[in-house]
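Reviewing the structure listed below.
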Amino acid sequence: MKAVEANSITQRFGKITAVDDITFAVSEGELFGFIGPDGAGKTTLFRIAATLIIPSGGRMTLFGLNVVSDYRELRNHIGYMPGRFSLYQDLTVEENLQFYATIFGTTIRENYHLIEPIYKQIEPFRERRAGNLSGGMKQKLALSCALIHKPRILILDEPTTGVDAVSRTEFWEMLEGLKKEGITIVVSTPYMDEALRCDRIALIQQGRLMGIDTPEAIRTSYGRKMWAVSHPDRYRLLLALREIQIVSNPEPFGEAVHITLHEGTAPEDLNRKLENTGIHGATIKETLPGIEDVFLELMRRKPEEKSL
Amino acid sequence: MAFVRKEFIHIFRDYRTLIILFGIPAAQILIFGYAVRTDLKNAAIAVLDNAHDEVSKELTQNIEASKFFYVARQLDSYDEIDATFKEGKIRAVVVFPEKMAATITREGTATISLIADGTEPNTASLVTGYINGILSTYSASLTGELTATMPLIMPEVRMYFNPNLESHYMFIPGLITLILIMICSLMTSVTIVREKEYGTMEVLLVSPLRPWQIIVGKATPYFFLSLINVIVILLMAWFVFGLPVQGSIALLIAECMLYILLGLALGILISTLTGKMENAIFISFLALMLPALLLSGFIFPIENMPKIYDYVTMILPPRWFVDVIRAIMIKGAGIGYVWKETLILAVTALLLMVISIQKFKTRLGEAK
Numbered sequence: 527m528k529a530v531e532a533n534s535i536t537q538r539f540g541k542i543t544a545v546d547d548i549t550f551a552v553s554e555g556e557l558f559g560f561i562g563p564d565g566a567g568k569t570t571l572f573r574i575a576a577t578l579i580i581p582s583g584g585r586m587t588l589f590g591l592n593v594v595s596d597y598r599e600l601r602n603h604i605g606y607m608p609g610r611f612s613l614y615q616d617l618t619v620e621e622n623l624q625f626y627a628t629i630f631g632t633t634i635r636e637n638y639h640l641i642e643p644i645y646k647q648i649e650p651f652r653e654r655r656a657g658n659l660s661g662g663m664k665q666k667l668a669l670s671c672a673l674i675h676k677p678r679i680l681i682l683d684e685p686t687t688g689v690d691a692v693s694r695t696e697f698w699e700m701l702e703g704l705k706k707e708g709i710t711i712v713v714s715t716p717y718m719d720e721a722l723r724c725d726r727i728a729l730i731q732q733g734r735l736m737g738i739d740t741p742e743a744i745r746t747s748y749g750r751k752m753w754a755v756s757h758p759d760r761y762r763l764l765l766a767l768r769e770i771q772i773v774s775n776p777e778p779f780g781e782a783v784h785i786t787l788h789e790g791t792a793p794e795d796l797n798r799k800l801e802n803t804g805i806h807g808a809t810i811k812e813t814l815p816g817i818e819d820v821f822l823e824l825m826r827r828k829p830e831e832k833s834l
Numbered sequence: 004m005a006f007v008r009k010e011f012i013h014i015f016r017d018y019r020t021l022i023i024l025f026g027i028p029a030a031q032i033l034i035f036g037y038a039v040r041t042d043l044k045n046a047a048i049a050v051l052d053n054a055h056d057e058v059s060k061e062l063t064q065n066i067e068a069s070k071f072f073y074v075a076r077q078l079d080s081y082d083e084i085d086a087t088f089k090e091g092k093i094r095a096v097v098v099f100p101e102k103m104a105a106t107i108t109r110e111g112t113a114t115i116s117l118i119a120d121g122t123e124p125n126t127a128s129l130v131t132g133y134i135n136g137i138l139s140t141y142s143a144s145l146t147g148e149l150t151a152t153m154p155l156i157m158p159e160v161r162m163y164f165n166p167n168l169e170s171h172y173m174f175i176p177g178l179i180t181l182i183l184i185m186i187c188s189l190m191t192s193v194t195i196v197r198e199k200e201y202g203t204m205e206v207l208l209v210s211p212l213r214p215w216q217i218i219v220g221k222a223t224p225y226f227f228l229s230l231i232n233v234i235v236i237l238l239m240a241w242f243v244f245g246l247p248v249q250g251s252i253a254l255l256i257a258e259c260m261l262y263i264l265l266g267l268a269l270g271i272l273i274s275t276l277t278g279k280m281e282n283a284i285f286i287s288f289l290a291l292m293l294p295a296l297l298l299s300g301f302i303f304p305i306e307n308m309p310k311i312y313d314y315v316t317m318i319l320p321p322r323w324f325v326d327v328i329r330a331i332m333i334k335g336a337g338i339g340y341v342w343k344e345t346l347i348l349a350v351t352a353l354l355l356m357v358i359s360i361q362k363f364k365t366r367l368g369e370a371k
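Structure representation (structure tokens):
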């Protein structure tokens, strides 16, 4: 049985279509990521999965239970973390956890083993009010609260947004730990680098799915050779690359600029052209496309597909 | 139960909530009690004495001697009345007819004209009422009979139950009505809407909690706090203003509980209408507080309103509740006298509760 099965899920709010005919499946124990910019429809999709919204069209089941008709049963098995940390600011860390344990009909002790690796880190602050925690600690507390009733599936809506880089890394390590416990995790993020940590990812844009696959497969699906061009003066390099005819889609990526070259042209041609514009000693290396590259490429391709 | 505990923590950790809960009611009692008195003290009146005989002089003295009035001016002719009122200081003019004493001796009756400033209906009605009281006392002291007719306004009915002519009798019941609707409806609606605004409602909804459990958890603390408030107000009424409860305290508390439930149900209903705290506050004020304040007969007697408002107020629970607790507190009435109002309140409360639980969504209304 699949942990999640979605068939042609569509959600319209008035004239806006937030989620447009999305079909996907998540296996049990999988760490499944939705990648997409703000407003792509991730939150709406997650709310449908969390039984909070009835979709305008389509059908979704979690462990064979329908999110619309079996919502009551299903709510015992879902751990949901909304985009905003759903904590009571005026309750202490411990009171928050205690409260969520009770409303899900369990106790902290019963499932302590599950949250221990996460909760241990914030336990020194358990007398502190949740409103006074840092972003990273809030996130850990929210995750602990979502986990306290030992859900079969975790639905995490942008859990790392607004959290510092160290906490983000720690958070993903925690998710991998939870995956080992057999918990299915569906997570969304606007950060492409986090996508690499998922078993499979779905790229979503303007309510539509643009592809589902493993991160590696997505990266290799780019189809063309990608080159990383670097030079100490990256800004001038970027401006120059934008002007050169044989270069397409220069995008800054870390220290370098990722480009593809028109067919029949070689890196040497590019180097010569760069020299002509006064940029000397640029290095050009072949590289594996990042998720961003694929994503941006898919976004660029989309309008053309529409016009066909 | 954990839910109730959590709500109490919310309330006690937020000093603003505490102020609204306990500070405002106490302040309101004191303010209404001392400053915004609707009874009379030293109201200026004018006398147009066409009689100049012993009856008119004695009556003028009696009016002057009361603590409610002082005679600010003696007028000489009818023409001055209009100008006097336009100045705005004089509340009423008493006009004694010519040969008043003689008329009384001959016909056994005489008519006094009492012209009150109608721009403030409350004061006008009080003034006429009080002067009527003075006239009655005086006529009782005469062997002959004296009937005063009031040209402007009928004497107020509450005079009958308010022999000291004091307004605490009016405002304490009104204040309880107002404070309860404020705390119950405003606070419950805000506390529920706050969960929506902070996003915690999403998780509550995803939990196996049923809607009624969330509602009961939300409402229980406010139920008890409102009850404590009622007791505080009653104690203050007693000790600060010397107004004990005439009727059964148990009945009074029971009626208050009923009204609190009604207020809570209204609050929950409001919370289902909006996702923003400001809106909840706005709706509470507009739809509940103002009508409770203005149309329940708390400040402005319903008798003074146009007939249409009389019907409008009939759908407002505060109106019935004010009647009920006035009857219990001041007249000492038992359940036999207020069963009709109680029934109306009970049915309304039940109806509102059913509607609000029905309307309380198990899902999110709309994505924000």
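Protein chains in written order, with my numbering: chain A, 527 to 834; chain B, 4 to 371.
Where is the CB? At the ideal position from N, CA and C, for every residue including glycine.
Remember, predicted model here, so these are calculated numbers, not experimental data.
Rounded to whole angstroms, the Cβ separation of residue 545 (chain A) and residue 567 (chain A) is 5 Å, and the two are in contact under 8 Å.
Residue 561 (chain A) and residue 721 (chain A) have their C-alpha atoms some 7 Å from each other.
Scanning its chain for C-beta atoms nearer than 6 Å, with the 5 sequence neighbours on each side dropped, one finds around residue 341 (chain B) the residues 327 and 330, in chain order.
As computed with DSSP, residue 355 (chain B) is found in no beta bridge at all. Taking 9 Å as the threshold, the shortest C-beta distance from residue 203 (chain B) to chain A falls below it. The continuous alpha helix (DSSP H) containing residue 216 (chain B) extends over residues 214 to 242. Contact of residue 343 (chain B) with chain A is not assigned, every C-beta pair being separated by 9 Å or more. Per DSSP, reduced to three states, the secondary structure at residue 812 (chain A) is strand. Against chain B, the beta carbon of residue 578 (chain A) has neighbours under 8 Å at 205, 208, 209, 366 and 367, listed in chain order. With contact defined as three or more Cβ pairs closer than 8 Å, the region 583 to 594 of chain A and the region 612 to 629 of chain A are not in contact. Per DSSP, the unbroken alpha helix (DSSP H) holding residue 312 (chain B) starts and ends at 310 to 317. In the assembly as shown, residue 222 (chain B) is a buried residue. Its beta-carbon has 16 or more other beta-carbons within 10 Å. Contact annotation: in the region 637 to 654 of chain A, no residue has its CB less than 7 Å from a CB in chain B.
Counting along the chain, the unbroken beta strand (DSSP E) around residue 714 (chain A) starts and ends at 710 to 715. Residue-level contact check: residue 678 (chain A) does not touch chain B, since none of the beta carbons of chain B fall below 9 Å from its beta carbon.
Interface flag for residue 19 (chain B) against chain A is unset, since no Cβ pair is found closer than 9 Å. For residue 361 (chain B), the three-state secondary structure derived from DSSP is helix. Chain order gives the chain B residues near residue 631 (chain A) as 211, where near means a beta carbon separation below 8 Å. Take the alpha-carbon of residue 134 (chain B) and the one of residue 58 (chain B): they are about 15 Å apart.
When the five nearest sequence neighbours on each side are left out, the beta carbons in the same chain lying within less than 6 Å of the beta carbon of residue 543 (chain A) are those of 733, in order along the chain. For residue 778 (chain A), the uninterrupted beta strand (DSSP E) run begins and ends at 773 to 779, by DSSP.
For the region 575 to 605 of chain A, the residues whose beta carbon sits under 8 Å from a beta carbon of chain B are, in order, 576, 577, 578, 579, 580, 597, 598, 601, 602 and 604. Cβ atoms of residue 200 (chain B) and residue 207 (chain B) stay farther apart than 8 Å, at about 13 Å. Taking all protein chains in view, the Cβ of residue 94 (chain B) is crowded by 16 or more other Cβ atoms within 10 Å, so the residue is classified as buried.
The C-beta distance from residue 604 (chain A) to residue 681 (chain A) rounds to 6 Å, short enough to fall under 8 Å. Under a 10 Å Cβ-count criterion, residue 13 (chain B) is classified as buried, with 16 or more other Cβ atoms of the shown protein chains found around its own Cβ. Listed along chain B, the residues sitting closer than 8 Å to residue 610 (chain A) by beta-carbon distance are 201 and 202. Going by C-alpha positions, residue 592 (chain A) is about 20 Å away from residue 607 (chain A). Comparing alpha-carbon positions, the option among B:244, B:119 and B:365 lying closest to residue 47 (chain B) turns out to be B:119. Contact check for residue 582 (chain A) against residue 633 (chain A) fails: the beta carbons are separated by 9 Å or more.
Here residue 79 (chain B) is exposed. Its C-beta has fewer than 16 other C-beta atoms within 10 Å. Residue 55 (chain B) counts as exposed, since fewer than 16 other C-beta atoms from the protein chains shown sit within 10 angstroms of its C-beta. Taking a beta-carbon distance threshold of 9 Å, residue 625 (chain A) counts as an interface residue toward chain B. Counting of Cβ neighbours within 10 angstroms places residue 612 (chain A) among the buried residues, the total reaching 16 or more.
Distances from the alpha-carbon of residue 19 (chain B) to those of B:324, B:117, B:193 and B:176 put B:193 closest. For residue 796 (chain A), no chain B residue has a C-beta closer than 8 Å to its own C-beta; the minimum C-beta separation is roughly 46 Å.
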